[in-house]
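Report on the following structure.
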Amino acid sequence: MAAGAVATLKRLWRHNRWLTIAFALTLTLALVFIIRAGVFFVYWQQHRDEPIEGWMTVRYVARSYRVDPKIVHDAAGLKQTGPDRRPLVRIAREDGKPLDEITARILEAIRADRAARGQPEGNLPAPALSPPGTAPSASPQPSRQP
Amino acid sequence: MTAYLLEFLTSYGLPAAALLLAIGQFGVPIPTSLALLTLGALAANGDAELSTAFLWAIAGATLGDQAGFLAGRFVVLSAEGHPGFLGGLAARARAAEPKLEKWGASGVFLSRWLFTPLGPAINIASGITGLSWPRFTLWGVLGEGLWVSIYITLGYSFGSNIETLSGILGNLSMALAMLAIAAFLGWRLKLAVDAAQTRTHRKDREGS
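Below, the structure written as structure tokens:
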């Protein structure tokens, strides 16, 4: 049986070299992608606090850090006029505050909240902000579409 | 790049999401699955309307599919009968038509949601090989509906850290696409082996 398999492989190599190579290559790539998915999965389970980015909304940040949305809302310096659906970049642009200042205040509020509840603070990840000037410029009127 | 796209999406809302999906389904490599997960997460947190997001997403994805299909049909069939690469492609596409009638619809459907990395290529291939437009559209819309539902639901249920979730799913779908191609190549190899064996047997019989 083993000898038959070797003979078959030899014959494949002789007559269908490119097909055999392509077959082996796609199988190898599939394996690589499965391993990569596993690595991402492990990372995902261990990192529940997602670094704050400009596209995130107030309630998205609150959910990722498992705090009351009101805490993030207040920390972002928003008025008490119901939930705000804007992403942080738009809040920064339209309210005239630097984004890194807003995110720093949000992180501080989350830290304070966790301390008050006696939870381990964990290492809050640093915000991953895109460099200024690269963000898209939204229309100036403060419509609240997501 | 990813951050820029997500800022564009959340700043401009659902029409922006539809535009990104259309561009992605046409074949420009942008993280469309991540865009759908984001829509789901926004809806879960009350920052977007679930049903409206669903409709915009299907509309955008279908627009991209149609653009790919039409590009394939018009650009290559206008080259039919001419020499050169495009002409040769058109001639080969003609030859592949009977097979496509059998496999085209399921190929379109499965590449929408299961083997997603193959989607844009299959759009253009369907246009080139002349798969009937109503069939392409029907199976395309059904498949996109399933894809959009799966990813929006995942984004909705997990609601946070979707960038890493998208890394898991992206790698899994690439693995599935590779396995699909490997299955096809394996089948071709098996045919080749069988043919070779038949030849050998025949030779043996003639020799004895």
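Top to bottom, those sequences are chains X and A. The numbering used here applies: residue 554 is where the first sequence begins, and numbers increase by one. The numbering used here applies: residue 605 is where the second sequence begins, and numbers increase by one. Here a beta-carbon is modelled for each residue, glycine too, at the ideal position from N, C-alpha and C.
query                                                                                                                                                                                        : result
Less than 7 Å between CB atoms is the rule here; does A796 of chain A satisfy it with respect to chain X?                                                                                    : yes
What would DSSP say about P640 of chain X, mapped onto helix, strand or coil?                                                                                                                : strand
To the nearest angstrom, how far is the alpha carbon of I587 of chain X from that of W707 of chain A?                                                                                        : 27 Å
Between L709 of chain X and L783 of chain A, what straight-line distance do the alpha-carbon atoms span, to the nearest angstrom?                                                            : For chain X, the structure presents residues 554 to 699; residue 709 of chain X sits outside this window and is missing.
For the stretch 605-631 of chain A, enumerate the residues whose C-beta is nearer than 8 Å to any C-beta of chain C, in chain order.                                                         : Considering every chain present, this structure includes no chain C. Its protein chains are X and A.
Where A669 of chain X and Q598 of chain X are concerned, what is the direct C-alpha to C-alpha distance, given to the nearest angstrom?                                                      : 25 Å
When the Cα atoms are used, what is the spatial distance from K623 of chain X to V680 of chain A?                                                                                            : 57 Å
Specify the secondary structure class of T561 of chain X as computed by DSSP and reduced to three states.                                                                                    : helix
Note down, in chain order, all residues in the stretch 579-600 of chain X with a beta-carbon under 9 Å from any beta-carbon belonging to chain A.                                            : T579, L580, T581, L582, A583, L584, V585, F586, I587, I588, R589, A590, G591, V592, F593, F594, Y596, W597 and H600
Alpha carbon to alpha carbon, what distance is there between A725 of chain A and L640 of chain A?                                                                                            : 21 Å
Taking Cβ positions only, does A575 of chain X come closer than 7 Å to chain A?                                                                                                              : yes
Strictly under 7 Å for the Cβ-Cβ distance: is V559 of chain X near chain A by that measure?                                                                                                  : no
What did DSSP end up calling T610 of chain X once you bin it into helix, strand or coil?                                                                                                     : strand
Less than 8 Å between the CB atoms is what I'm expecting for G650 of chain A and R639 of chain X, so what's the real figure, rounded?                                                        : Wrong, their Cβ atoms sit about 13 Å apart, outside the cutoff.
Which class does L793 of chain A belong to by DSSP, given the choice of helix, strand or coil?                                                                                               : helix
Is it the case that the stretch 651-668 of chain A contacts the stretch 765-778 of chain A, given that we only count it when at least three CB pairs across the two stretches are under 8 Å? : no
Assuming L746 of chain A and F713 of chain A make a contact with CB atoms under 8 Å, what is their CB distance in whole Å?                                                                   : 6 Å
For W608 of chain X, would you say it is in contact with chain A, using Cβ-to-Cβ distances shorter than 7 Å as the test?                                                                     : yes
Tell me, please, whether the CB atom of R792 of chain A is closer than 7 Å to any CB atom in chain X?                                                                                        : yes
Within a Cβ cutoff of 8 Å, which residues of the same chain sit near R677 of chain A, ignoring the five residues on either side of it in sequence?                                           : G731, I732 and G734
At what residues does the alpha helix (DSSP H) containing K623 of chain X begin and finish?                                                                                                  : P622 to A628
Short check: CB of A662 of chain X to CB of L652 of chain X, under 7 Å?                                                                                                                      : no
At a CB distance below 9 Å, what residues from the stretch 630-646 of chain A approach chain X? Give them in sequence order.                                                                 : T642, L643, A645 and L646
Buried or exposed: where does F689 of chain A fall if 16 or more other Cβ atoms within 10 Å of its Cβ makes it buried?                                                                       : exposed
Tell me the DSSP secondary structure of Q672 of chain X in three-state form.                                                                                                                 : coil
Hey, how far is the Cα of G744 of chain A from the Cα of A799 of chain A?                                                                                                                    : 36 Å
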